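Accompanying notes for the structure given below.
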């Protein structure tokens with residue numbers, strides 16, 4: 027079985043999806059305290075989705091994984107564009123929060139062990 031950084035190599039699609047959920051998980055009040063109360067279709071929801079997507083990309087990059095895009099990304103991108111058009115600094119804010127989340131998740135997985143154990 028091939029492993030990368032202690033993680034069994036699986037479908038890149040599954041990995042990306044799981045890391046997106048781990049990034050959302052990191053945002054609870056007990057962890058990194060991001061506002062997770064927004065509903066789908068709002069700018070706040072789109073912002074958290076952008077944080078999660080960037081966080082997943084950062085985690086995959088840290089672990090040397092190349093994710094595959096999901097078919098439903100177009101709908102997410104449409105929502106992100108709403109936020110990015112209304113706030114020129116939104117991408118920097120999202121990237122900062124995503125970086126904080128991915129660093130925090132990696133700190134739970136010492137020596138790049140499977141971060142699924144941390145979730």
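Numbering (my numbering), first residue to last: 27 to 145. For glycine and all other residues, C-beta sits at the position ideal for the given N, C-alpha and C. For clarity, every value in this text was computed on a predicted model and none was experimentally measured.
Taking the C-alpha atoms as reference points, what is the distance between residue i and residue j?
i           : j           : result
residue 123 : residue 89  : 19 Å
residue 48  : residue 83  : 12 Å
residue 132 : residue 54  : 17 Å
residue 70  : residue 62  : 8 Å
residue 65  : residue 126 : 23 Å
residue 113 : residue 77  : 15 Å
residue 45  : residue 111 : 26 Å
Between which two residues does the alpha helix (DSSP H) harbouring residue i extend?
i           : result
residue 127 : 116-134
residue 84  : 69-88
Can you name, in chain order, every residue of its own chain whose Cβ lies under 7 Å from the Cβ of residue i, other than the five neighbours on each side?
i           : result
residue 115 : none
residue 109 : 69, 72, 73, 76 and 116
residue 41  : 86, 91 and 93
CB-CB under 6 Å to residue i, same chain, minus the five flanking residues each way: which ones, in chain order?
i           : result
residue 105 : 72
residue 128 : 81, 84 and 85
Ignore the nearest five residues each way along the sequence and tell me which others in residue i's own chain have a CB closer than 8 Å to its CB.
i           : result
residue 121 : 80
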